[in-house]
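**Q**
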Amino acid sequence: MGEIVLPRRMFLWCMSVIYLAAFVSLYVQIPGLYGNDGLLPARWQLRYSGKPLGEQLLTSPTLLWFGPRLGLDTHTAMELLCLMGAALSLAATLVESLRDSVVFFCLWVLYLSMYHVGQVFLYFQWDNLLLETGFLCILVAPLTVIRGSRQVRQHDRVTFWLIRWLLFRLMFASGVVKLTSRCPTWWGLTALTYHYETQCIPTPLAWFAHQLPVWWQKLSVVAAFVIEIPVPFLFFSPLRRLRLGSFYLQVLLQVLIILSGNYNFFNLLTLVLCLSLLDDQHVNFWLRKADNTNNNDSKLWAWLCYVLELAVWALMIFGTIVCFDLQLDTTKFTISSRTAFTYHHFNQFLKTVTIPCIWIGVLSLTWEMVTAMFRCACVSGFLKRFYGTFQWTVFAAATAAMFTISLVPFTYIEYDSNSRLWPGVRRAYELVDHYQVVNSYGLFRRMTGVGGRPEVVIEGSYDGVDWTEIEFMYKPGNLSASPPVLIPHQPRLDWQMWFAALGPHTQAPWFTSLIYRLLQGKTDVIELIQTDVSQYPFHQQPPAYLRAHRYRYWFTEPKADGSFPQRWWRRVYDEEFYPTVHLGNTFLENMLNQYGLKDKLPPRRMSNTTVAQAVRWVRSQVRGVPAHILIWTIIACTATFCLLQGLRNSNKQGRAPLSHKASVTVNDHAEKVPDSSSDNINKSDEQQAEVEEEESEEGSDEVEEVEREDKHSLSKEQQGRATRGGRKQQKR
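Heads up, the sequence shown is in my numbering, so the first residue is 91 and it goes up one at a time.
1. Just grab the DSSP bridge partners of L148 for me.
2. Can you name, in chain order, every residue of its own chain whose Cβ lies under 7 Å from the Cβ of F225, other than the five neighbours on each side?
3. Per DSSP, what kind of secondary structure is H639 in: helix, strand or coil?
4. To the nearest angstrom, how far is the alpha carbon of N675 from that of S115?
5. Tell me the residue span of the beta strand (DSSP E) that contains Y668.
6. Closest to D584 by CA distance: which of S551, D553, V546, L473 is it?
7. If we count the other Cβ atoms within 10 Å of its Cβ and call it buried at 16 or more, is G659 buried or exposed?
8. Is the beta carbon of D614 closer than 7 Å to that of G175?
9. Rounded to whole angstroms, what is the Cα-Cα separation between K773 and N741?
10. How close, in whole Å, do the beta carbons of L682 and T621 come, if the pair is a contact with beta carbons under 8 Å?
11. Flag this pair as yes or no: are the beta carbons of A598 and A590 separated by less than 7 Å?
12. In this structure, does DSSP put R543 in helix, strand or coil?
13. Terminal residues of the continuous beta strand (DSSP E) containing T646?
14. Between the beta-carbon of S336 and the beta-carbon of V321, is there less than 7 Å?
15. For G541, does the count of other Cβ atoms within 10 angstroms reach 16, so buried, or fall short, so exposed?
16. According to DSSP, is T424 part of a helix, a strand, or is it coil?
17. Take the Cβ of S179 as the centre, count every other Cβ of all protein chains shown within 10 Å, and call the residue buried at 16 or more, exposed below.
18. First and last residue of the beta strand (DSSP E) that includes L608?
19. How should V832 be labelled, buried or exposed, when 16 other C-beta atoms within 10 angstroms of its C-beta is the threshold for buried?
20. Is F207 buried or exposed, if buried means 16 or more other CB atoms sit within 10 Å of its CB?
21. Can you tell me whether S572 is helix, strand or coil according to DSSP?
22. Could you tell me if D217 is buried or exposed, where buried requires 16 or more neighbouring beta carbons within 10 angstroms of its beta carbon?
23. Tell me the rounded alpha-carbon separation between E788 and G736.
24. If I follow the unbroken alpha helix (DSSP H) through T723, where does it start and stop?
25. By alpha-carbon positions, which one of A487, F485, R510, A486 ends up nearest to L497?
26. Among the candidates R640, V266, F654, whose CA atom is the shortest distance from the CA of P669?
27. According to DSSP, what are the bridge partners of T558?
28. Distance check for F562 and W604, CA to CA, integer angstroms please.
29. Per DSSP, what kind of secondary structure is G265 in: helix, strand or coil?
30. Keeping to the same chain, check which residues put their C-beta closer than 6 Å to that of P581; ignore five residues upstream and five downstream.
31. Use the C-beta contact count for H434: other C-beta atoms within 10 angstroms, 16 or more gives buried, fewer gives exposed.
32. Nearest by alpha-carbon distance to I719: which of F731, A263, P574 is it?
33. Mind checking who D369 pairs with in its DSSP beta bridge?
34. Out of P513, M587, L418, L212, which one is the CA nearest neighbour of T288?
35. Sort R642, Y643, R657 by Cα distance to K649 and report the nearest one.
36. Using the Cβ count rule (16 or more neighbours within 10 Å means buried), how would you classify W251?
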């Protein structure tokens, strides 16, 4: 594999943006979710029992324990930590020197602090994925306290390999669990005929994707299985074009998911992980830069690589045709497909490949470690060689440890393989499990909503006779409302409403808290439903009665003439989800007491410290702004600034060729004019030296260390040529 300087820098920048979106998205929702009048107040998770601070941190590793020491209540401290995370990630996005291990460690600790008090609203796989990727960033990022952020380290490819291993675990498990769950829609290849309308928050394009013919939907499921199960093995291929092919297939899948569904930062984060499959040569190809890579491979080896690559793709296509019985119907111009293997066959396949997957990882990691060690040994200078070897030892050990403990959640996909792991590995995993540094993955195990998308609709009334539906800002409700586009924001209440609709309300205790807060008219909770409170039907006075019904939703169909219908959805009534209640209602009080949703102690008095006042001032500035608009605005401004900064740097770097051209002109002039004096030549040398000195001062902060060395050697060569020309002139 080639050099990974540019992909690594791109990865760290993208991770800063992902952190920024995650912190801002969560910050906007803190009052309604975790405030004193929120659905699940965060202070309930921090019981101050008089234990030492160190013991409390071991029990629940969150910085919120320091809130009382700063004179802050839990709610305000949580907002402060989110603001710190957003500010730090924004700074890292704008300034490359801040994308270092210390900053990413702080970001990881801040998000982990939120996670441990977030309860059900933060228990999503993408939150776990962000924490694991964020922890790996600590190893991947440079430590600028010791060395510059652009300094290439010999062990960078070793630590960056962990990102590729995480991507493999994520994609392979996502494909496997769909079949191990025995879901009939996945086995029947009909999952996508339900997915677009039953996913949590679809986009407008999901309506159009849902109208595609069934044979195409089934073929799309086959393609998803291929991309998620066999293709990830190409991540570790020694053949570069196979890795690039797997990269583009993963990008294709993630982009299609982004276009059809609002999955916050999850798919964006997956795309960021895919950068681990690239090298500098391919990134330079994107940037239309000259490829300076020396290709000394023989023609025989090049042809052999082509043959092997074609054989791999041909084998994959042939296996797909056999496993899914693909048949082309030339009369209807369709491709039929069906699953041609059984659950027993797939289970045997899984038992066969799980352990070899581990050994593939071991061999790939060993190769990266050995090559990195060899590069350390080739460094000139004893101290540099010793320091590089010491760094390699530390980071190689950390990488091996992360790989080892990740085997426990990875082998969850196959029980026998998991039971064969060394007990010491499982004990090591249990020690770090509380910190979410490695996790198991696998989304969409079973396809829900086969008989129609279940949706909970809350209704309010002043008299118990006339009822008004409470429409949420993002989730489906109003039949005429267009599905939103809000990536990378995640409205966490809307997501939990989707999960709540899949079962009885007793499986979602927080729903009782939602009903209770709406009856009380709590503005913080209302803003989770409608950012613009005036759009909430009971904004002037809280409803006296509330109830909830479950409906079944479907996408509408195009009209017979091919025109689009006026409504996006159609629905039928299913059943009562939550009975009619009011404040003081016996049923409501029993539910609140049963789930412990009523305060036993009064909340801590609101702090008036300078920090608390500053936090409240920031809140007042963003109140009423839709979260996705706020995130888009911040990211757009940040990207624009970075783009302008890059253009400025490229313009400065573009002056170097002009200097080279000027020096060549001076040398040619010295050879063509034999009567010129040596003083003129010396004067030209002085002018050239001045030009080079100005360029080195202007571009010292923007040019890579390697480029600076090349430029220095080039200037020496030019000066030598000018000096030789001067000597010729003197002799003549």
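All C-beta atoms, glycine included, are put in the ideal place defined by N, C-alpha and C.
Just so we're clear, the structure is a prediction, and the values are computed from it rather than from any experiment.
**A** Short version:
1. For L148, DSSP assigns no beta-bridge partner whatsoever.
2. Here the set comprises W198, V527.
3. H639 carries a strand assignment under DSSP once its states are collapsed to helix, strand and coil.
4. For N675 and S115, the distance between alpha carbons rounds to 35 Å.
5. Its beta strand (DSSP E) spans residues 659-671.
6. Measuring C-alpha to C-alpha distances from D584 to each of S551, D553, V546, L473 identifies V546 as the nearest.
7. It should be noted that the sequence gives Trp, not Gly, for residue 659. A buried status is given to W659, since no fewer than 16 other beta-carbon atoms sit within 10 Å of its beta-carbon.
8. Between G175 and D614, the gap from beta carbon to beta carbon reaches 7 Å or more.
9. Low per-residue confidence applies at K773: pLDDT is 42, beneath 50, and the placement is therefore not dependable, though the value from the model is reported in the following sentence. As the crow flies, the alpha-carbon of K773 is around 28 Å from that of N741.
10. T621 and L682 do not touch by the CB rule: their CB atoms are close to 27 Å apart, not below 8 Å.
11. Yes; because the gap between Cβ atoms is below 7 Å, this pair is in contact.
12. Look at R543 here: in three-state DSSP terms it is strand.
13. First-last for T646: undefined, no H or E at that position.
14. Taking the C-beta atoms as reference points, V321 is found nearer than 7 Å to S336.
15. G541 sits exposed, since fewer than 16 C-beta atoms from the chains shown fall within 10 Å of its C-beta.
16. DSSP places T424 in the strand class (E or B) of the three-state scheme.
17. A buried status is given to S179, since no fewer than 16 other beta-carbon atoms sit within 10 Å of its beta-carbon.
18. Per DSSP, L608 belongs to no beta strand (DSSP E); it is in the alpha helix (DSSP H), 600-610.
19. Absent from the structure is residue 832, since the part of the chain shown begins at 91 and ends at 822.
20. Here residue 207 is Val; the residue named in the question, Phe, does not match the sequence. Sixteen is the threshold: when 16 or more other Cβ atoms of the shown chains lie within 10 Å of the Cβ of V207, as they do, the residue is buried.
21. DSSP places S572 in coil when its eight states are reduced to three.
22. Burial call: buried.
23. In this prediction, E788 scores a pLDDT of 42, lower than 50, which makes its location untrustworthy; the coordinate-derived value is nonetheless stated afterwards. Each residue's alpha carbon lies about 15 Å from the other.
24. Start and end: 717-743.
25. Closest in C-alpha terms to L497, from the list A487, F485, R510, A486, comes R510.
26. Nearest to P669 by alpha-carbon distance, out of R640, V266, F654, is R640.
27. Per DSSP, the beta bridge partners of T558 are G550.
28. Per the sequence shown, the amino acid found at residue 604 is Leu instead of Trp. Between the alpha carbons of L604 and F562 lies a distance of about 13 Å.
29. The three-state reading of DSSP puts G265 in helix, counting H, G and I together.
30. The residues are Y564.
31. Classification for H434: exposed.
32. The candidate whose alpha carbon is nearest that of I719 is P574.
33. Under DSSP, D369 shares a beta bridge with no residue.
34. Of the candidates P513, M587, L418, L212, M587 places its Cα closest to the Cα of T288.
35. In this structure, R657 is the residue among R642, Y643, R657 with its C-alpha nearest to the C-alpha of K649.
36. So W251 ends up on the buried side.
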